[in-house]
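S.K.: This structure is in structure tokens; I'll ask about it shortly.
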Amino acid sequence: LDGRTFQPANVRLAKISAGVRAVQSMAKLGGSTISSLPDIVTLAGELKHNGVDLLGSYSGTLDALFKGRHGIEKEQLGELVLSGLESMIGDVHSRFHAEDGLKGTMSRLMYLNFRFNGQNWWNDVLKSYATSAMSTNLALHSDRPFAKIPEALKRVLSKYEFTDRDWKVLPELVRKSDSGIRRVFPEQVYDIQNSRLREIFKDNNISDVKLRDFKKALQSKLDTYFVDRSDVALPTPGPAERAFMLRGTQPGTIVGEALRFMGQFKSFPITFVSKIYGREAAGLRNGDYAIGALAHTIIGTTVMGYLAMSVKDILKGKTPRQANDVKTWGAAMVQGGGAGIYGDFLFGEYNRYGRSWSSTILGPTLGQIDDIGELYNRMRSGEDFGANAFRLVKNNTPFVNLFYTRAALDYLLLYQVQELMNPGFLDRMEQRARDENGQEFFLSPSDKSTILGYKP
């Protein structure tokens with residue numbers, strides 16, 4: 006609250022450490038947008054908790070993804086939710102890190118990384134849709150008495166101290182967008198004449214000062230409602246998650262930097278458990294929500310987790326994992342139901358080369374201790390040292406792992422380099438994919454004729 010966790014104790018150490026984590030992000034998050042597919046489920050579930058029809062939520066989300074936002078409509082939505090801020094590196098970056106955003110050159114490079122891999126666009130479109138859908142939902146029910154609005158909506162609004170008095174003013178905040186959709190715009194409260202408010206409240210003795218304070222409080226409640234619920238719809242760490250992960254430590258300290266390295270890419274799963282499962286658990290305890298809401302979250306995110314894994318496999322030139330294997334659905338549940346991008350480390354290529362669980366817990370930077378140790382052993386034995394050293398460099402090089410360029414780069418260059426360094430490496434890689442996940446390659450990396458047009 007007082008900003009101490011943003012103030013580095015040692016500026017140089019904080020900058021160097023943040024720079025290392027930024028490089029890891031640019032090297033490892035090339036497929037983060039695909040890993041974000043379960044956001045579609047969490048967004049629909051959050052809108053359902055706000056009284057919006059579930060099927061309509063899915064339909065609107067997919068429509069937003071296919072159409073995007075254009076022209077004056079984009080400007081109006083930006084005015085409503087300041088959605089343009091979601092394209093700033095601090096907000097996109099925060100979905101995968103508990104620390105504050107970077108500054109300077111690294112910030113610009115991170116912005117380009119998230120722009121190139123589509124994460125900026127993804128967050129911008131979905132958060133804009135989430136807030137516009139909630140605004141439309143408020144406008145839809147604004148003509149009803151507060152006691153007659155859906156219980157789900159009333160329950161959520163009560164968390165922001167919304168009262169019957171506030172609700173009576175809501176119709177005055179409704180206006181149509183250029184597309185003809187009615188929405189609630191919080192800033193409209195300042196266009197209401199004090200005489201009109203006295204008429205609504207049926208009290209001519211309310212002072213201008215009290216009415217000014219009322220307007221300010223109402224706008225604050227609505228702004229907080231939109232921003233807070235959109236951060237649940239697309240799980241984004243807040244102060245509670247930051248406090249849990251950073252323990253009040255400062256950047257530029259040994260403990261503070263260790264926690265930041267360990268927490269890299271873990272802020273999303275922690276936020277998912279805190280905000281999504283926490284919401285469902287609280288609802289079950291209070292008897293407010295049906296068990297179906299929790300089932301929807303678990304089943305939906307598992308299915309989307311499998312879809313995310315399959316898309317990434319296809320983009321790498323592999324067949325999807327076998328749907329009749331229990332291990333596949335266990336991985337899909339973790340991938341979609343809270344692990345997010347960190348599922349790539351728990352079940353993905355980063356863990357198929359001997360990395361231990363303890364090393365995985367340390368995070369992508371400190372966790373490479375196992376990789377270095379493995380390289381040392383291979384150097385002594387002479388087994389696949391060059392190819393594995395090259396793989397380590399490749400997995401730590403920014404911009405190399407963008408999901409739409411990685412396969413082409415692999416087949417045209419990187420696979421061949423690894424094979425030249427260690428003959429037989431590609432055959433062993435294909436066999437490992439068969440043994441561990443029952444997967445085949447659409448185009449065999451070991452068969453050079455499939456890409457280069459000649460037999461070795």
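Counting from 6, one number per residue, gives the positions in the sequence shown under the numbering used here.
Even for Gly, the Cβ is constructed at its ideal location relative to N, Cα and C.
Using the beta-carbon count (16 or more within 10 Å), is Y381 buried or exposed?
M.R.: Exposed, by the Cβ-count rule.
S.K.: Please report how far the alpha carbon of L52 lies from the alpha carbon of T307, in whole angstroms.
M.R.: Near 19 Å, if we compare the C-alpha coordinates of T307 and L52.
S.K.: Excluding the five sequence neighbours on either side, which residues of its own chain have a C-beta within less than 7 Å of the C-beta of L264, listed in chain order?
M.R.: Result list for L264: M250, L251, R252, T254, in chain order.
S.K.: For the beta strand (DSSP E) containing R201, list its first residue and its last residue.
M.R.: Run containing R201: none in the beta strand (DSSP E); it sits in the alpha helix (DSSP H), 199–206.
S.K.: D415 and L397 - do their beta-carbons sit closer together than 7 Å?
M.R.: Taking 7 Å as the Cβ cut-off, L397 and D415 do not qualify as a contacting pair.
S.K.: In the stretch 162–199, which residue ranges form an unbroken beta strand (DSSP E) of at least 3 residues, counting only runs that do not cross its ends?
M.R.: List check, beta strand (DSSP E) in window: 179–181, 187–189.
S.K.: Cα separation between D196 and V179?
M.R.: When rounded, the distance between both Cα atoms is 12 Å.
S.K.: How is the alpha helix (DSSP H) around Q436 delimited, first residue to last?
M.R.: 430–442 is the extent of the alpha helix (DSSP H) around Q436.
S.K.: Can you tell me whether DSSP reads F273 as helix, strand or coil?
M.R.: In this structure, F273 counts as helix in the three-state DSSP scheme.
S.K.: Would you kindly work out how many angstroms separate the C-alpha atoms of A392 and Q373, rounded to a whole number?
M.R.: Taking the straight line from one Cα to the other gives about 16 Å.
S.K.: Can you tell me which of D389, G443, G310 puts its alpha carbon nearest to the alpha carbon of E424?
M.R.: Per the Cα distances, D389.
S.K.: Cα-Cα, which of A328, Q12, G50, G35 is closest to I303?
M.R.: Nearest of A328, Q12, G50, G35 to I303, Cα basis: G50.
S.K.: Secondary structure at F446, three-state DSSP: helix, strand or coil?
M.R.: Looking at F446 - three-state DSSP - the assignment turns out to be strand.
S.K.: Can you have a look at L60 and say buried or exposed, based on whether 16 or more other CB atoms are within 10 angstroms of its CB?
M.R.: Exposed, since its Cβ has fewer than 16 Cβ neighbours within 10 Å.
S.K.: Name the residue from G322, S451, V422 whose alpha carbon lies nearest to the alpha carbon of F408.
M.R.: Cα-wise, what sits closest to F408 is G322.
S.K.: Taking the CB atoms as reference points, tell me whether L42 and L312 lie closer together than 7 Å.
M.R.: Closer than 7 Å, so yes.
S.K.: Alpha carbon to alpha carbon, what distance is there between T136 and Y165?
M.R.: Their backbone Cα atoms lie some 16 Å apart in a straight line.
S.K.: Are A144 and V189 touching if we call contact CB-CB under 7 Å?
M.R.: Yes, Cβ-Cβ distance for A144 and V189 is below 7 Å.
S.K.: What span of residues does the alpha helix (DSSP H) with G61 cover, start to end?
M.R.: Residues 59–72.
S.K.: Give me whichever residues DSSP pairs with K399 in a beta bridge.
M.R.: Paired residues: none, contrary to the question.
S.K.: Could you give the distance in angstroms between the alpha-carbon of Q198 and the alpha-carbon of F219?
M.R.: Straight-line Cα distance between these residues: approximately 13 Å.
S.K.: Here's a check: name, in chain order, each residue in its chain whose Cβ is nearer than 7 Å to the Cβ of S451, leaving out the five neighbours to either side.
M.R.: For S451, where only same-chain residues beyond five positions count, the Cβ hits under 7 Å are L431, D432, E435.
S.K.: Between which residues of its own chain and P325 is the CB-CB distance below 6 Å, once the five residues before and five after are set aside?
M.R.: Counting only Cβ-Cβ distances below 6 Å, and skipping sequence neighbours, we find S315, D318.
S.K.: Helix, strand or coil: how does DSSP classify K159 here?
M.R.: K159: helix per DSSP, three-state reduction.
S.K.: Pull up the distance between the alpha-carbon of D44 and that of A19, whole angstroms please.
M.R.: Answer to the nearest angstrom: the Cα atoms are 32 Å apart.
S.K.: Just to confirm, is the Cβ distance from Q269 to P403 under 7 Å?
M.R.: No; because the gap between Cβ atoms is not below 7 Å, this pair is not in contact.
S.K.: Look at N118 and T38 and say whether their C-beta atoms are less than 7 Å apart.
M.R.: Going by C-beta atoms, N118 is not nearer than 7 Å to T38.
S.K.: Please classify E246 as buried or exposed, where buried requires at least 16 other C-beta atoms within 10 Å of its C-beta.
M.R.: Result: buried.
S.K.: With DSSP collapsed to three states, give me the class of N15.
M.R.: Looking at N15 - three-state DSSP - the assignment turns out to be coil, as it is neither helix nor strand.
S.K.: Per DSSP, which one or two residues make a beta bridge with K323?
M.R.: Paired residue(s): F446.
S.K.: Tell whether a beta-carbon distance below 7 Å holds between K280 and P240.
M.R.: Yes, these two residues count as a Cβ contact at 7 Å.
S.K.: Determine whether the beta carbon atoms of K173 and I205 lie at a separation below 7 Å.
M.R.: Going by C-beta atoms, K173 is nearer than 7 Å to I205.
S.K.: Which residues mark the beginning and the end of the alpha helix (DSSP H) in which S112 is found?
M.R.: 110–121 is the extent of the alpha helix (DSSP H) around S112.
S.K.: Would the beta-carbon of P191 fall within 7 Å of that of Q224?
M.R.: Cβ atoms of P191 and Q224: closer than 7 Å.
S.K.: So what does DSSP say about D148, is it helix, strand or coil?
M.R.: Coil.
S.K.: I'd like to check one pair, H54 with A157: are the Cβ atoms closer than 7 Å?
M.R.: Cβ distance < 7 Å, so A157 and H54 count as in contact.
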